[in-house]
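This report concerns only the one structure given below.
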RNA sequence: GCCGCAGUAGCUCAGCCUAGUAGAGCGCUGCCCUGGUAAGGCAGAGGUCCCGGGUUCAAAUCCCGGCCGCGGCUCCA
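In the working numbering, the protein residues as written are 967 to 1504.
Given below as structure tokens:
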């Protein structure tokens, strides 16, 4: 879509000029990830049909000066640095919404696209339609992975058996990664007394997103974060400098009452599970620990096939509302910055977007519609150790205050699963696929042979299923629709030779010795290969 | 929370404009077919047409209010 950006901007200008000619006050023009937008000041909102009337080519004179578009006596903000060009003839208005540049201001934002040829417009519209086929909410429904229900509540997903298989695989992999970095897994309860949230500061800084309730003369809150619990574990005994860094990990399920309009499938929910971890360490250990975390995170993202084009690193600095001294913030921010620089990575500085308790490094990943979602996060925190008065005993016997790092590599299992489903369009790598093999006997006479193969696969912990219900053609279509990576067909020929016919993704079909196939498949799963190596490499 | 657009069977949707017996495909159940590579045939079950109110002889259909979903905005992992 990037190749159209200059053309869209030109189209947006023409559209804006058409609006101005009819007396509308246009205040801004810019580009979205996959369209242009024009902001107007208007008391009454336009409907889509009315907005479409201005979507037509015209040749009025205009000037661009310093990010400002000058037309007639109006001055319109141009929110893009690129130069508009091309000769847009075909327009499509996609959506009208309301934009709030600041709490007291409100504009009507019209989104659309423009192209030079009708064919380009058709291509774009069919791309948009196709993109909806990669929507994780639709894939999740089709593959029977998870569901939402009115009775349960908005933003509270229920994971079905097949969805839970994917979560378990993700957790197994992360346990290996965490162990390789020296983490010890813990488990903590979900509800704590308000006393704890007052010590941590969440009670004041995060209260509007917390679920707080009263019970038996006590006030309690459901946890929106796991850190206070991990801190209490750290605090439960005295710690020596020799123990540091102490690393706790947990697949911690937390609840944050996001506003209704912010919810979006599994990408934005109210209850979710983080692959959380907290490191307690000395100030001197920060940079090395952060470097290890960044490298491991890139390794994990690479394992799922996210290339550097789909990953963006951000360094977020101190927000206006925060706790902790200037000195501490300065120290933490520079530790993160030098870790990034020593690893020679490109990153974007996000001014004032840190957490209220410390600066952070985020990893954004791009979804199928080109939107960026924050997944991994590494946050330095000097404030919570202070609030909880954490200590360790140093070499000379004196008490010192440790520093904390909060980190999550997937971010959350929920959002990560959604991104994976969109990234792979439902066709997950074999190790993540809920059903890895579907065995289809051609007819009843080879039923026993099919069952033997099935049980040999199950013995190797391969997730295989037998389907012997309908016609062969129908069963193949079903397995294909359900994104099963390997479709195994056996008939008389295969039974006599001890072979099987396997079809893998991309319609690669092969006849292969049954035992050989099982061991190749086993290796593909254990290695967590991205592609179907069991068939393509044999 | 704000603005726009929707809500009919488990799923995808038609019917609504112009009010007059609730529809299709997929899925599900049963029967037939015993299959060699992307939907075999026949039959059946399945509905508070989101909820509440109004107009009307009569409302899925027209009007009002609410709820929920979606596309954006704001916010976030």
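Here a beta-carbon is modelled for each residue, glycine too, at the ideal position from N, C-alpha and C.
Cβ pair residue i, residue j closer than 9 Å
i            : j            : result
residue 1404 : residue 1450 : yes
residue 1377 : residue 1343 : yes
residue 1044 : residue 995  : yes
residue 1192 : residue 1235 : no
residue 959  : residue 1037 : The structure shown does not extend to residue 959, since the chain spans only 967 to 1504, so no value can be given for it.
residue 1346 : residue 1277 : no
residue 1387 : residue 1111 : yes
residue 1500 : residue 1489 : yes
residue 1487 : residue 1452 : yes
residue 1004 : residue 985  : yes
residue 1249 : residue 1310 : no
residue 1359 : residue 1205 : yes
residue 1078 : residue 977  : yes
residue 1268 : residue 1288 : no
residue 1101 : residue 1231 : yes
residue 981  : residue 1020 : yes
residue 1026 : residue 983  : yes
residue 1170 : residue 1356 : no
Backbone secondary structure at residue i - three-state DSSP
i            : result
residue 1077 : strand
residue 1083 : coil
residue 1142 : helix
residue 1407 : strand
residue 1055 : coil
residue 1232 : coil
residue 1289 : coil
residue 1157 : strand
residue 1308 : helix
residue 988  : coil
residue 1504 : Because the pLDDT of residue 1504 is 43, which lies under 50, any placement of that residue in the model is unreliable, and the number read from its coordinates should be weighed accordingly. Three-state DSSP puts residue 1504 in coil, outside helix and strand.
residue 1321 : strand
residue 1430 : strand
residue 1203 : coil
residue 1316 : strand
residue 1227 : helix
residue 972  : helix
residue 1113 : strand
residue 1198 : helix
residue 913  : Any property of residue 913 remains undetermined from this structure, which presents the chain solely from 967 to 1504.
residue 1027 : coil
residue 1378 : strand
Strand pairing of residue i, partner residues [DSSP]
i            : result
residue 1373 : 1243, 1344
residue 1454 : 1405, 1468
residue 1220 : 1238
residue 1213 : 1245
residue 1329 : 1279
residue 978  : Beta-bridge pairing links residue 978 to no other residue.
residue 1303 : In DSSP, residue 1303 forms no bridge with anything.
residue 997  : 1002
residue 1187 : 1158, 1178
residue 1388 : None; residue 1388 has no bridge partner.
residue 1040 : 1037
residue 1150 : 1214
Sequence-distant residues of the same chain with beta carbon closer than 6 Å to residue i, five excluded per side
i            : result
residue 1412 : 1456, 1457, 1461
residue 1151 : 1215
residue 969  : none
residue 1144 : 1215
residue 1332 : 1276, 1338
residue 1373 : 1243, 1259, 1344
residue 1107 : none
residue 1379 : 1133, 1136, 1239
8 Å Cβ shell around residue i - same chain, five flanking residues per side excluded
i            : result
residue 1308 : 1253, 1257
residue 1224 : 1121, 1175, 1234, 1235, 1236
residue 1147 : 1213, 1258, 1259, 1262
residue 1325 : 1281, 1282, 1283, 1284, 1295, 1298, 1299, 1302, 1345, 1346
residue 1128 : 1109, 1110, 1111, 1400, 1401
Own chain, CB closer than 7 Å to residue i, minus 5 neighbours either side, in chain order
i            : result
residue 1350 : 1166, 1193, 1197, 1323, 1370
residue 1105 : 1387, 1392
residue 991  : 1006, 1007
residue 1503 : Legend: pLDDT at residue 1503 = 46, less than 50; position of this residue unreliable, no value from coordinates given.
residue 1305 : 1253, 1256, 1257, 1260
residue 1496 : 1271, 1395
residue 1030 : 1044
beta-carbon residue i near the ligand GDP non-hydrogen atom, thresh 8 Å
i            : result
residue 1447 : The model on display carries no ligand, and the ligand GDP is accordingly not part of it.
Any contact of the stretch 1265-1279 with the stretch 1415-1429, i.e. 3+ C-beta pairs under 8 Å?
With the cut-off at 8 Å, the stretch 1265-1279 and the stretch 1415-1429 do not touch.
Please determine if the stretch 1378-1397 and the stretch 1362-1369 are in contact, where contact requires at least 3 C-beta pairs separated by less than 8 Å.
Flag = no, the stretch 1378-1397 and the stretch 1362-1369 do not touch.
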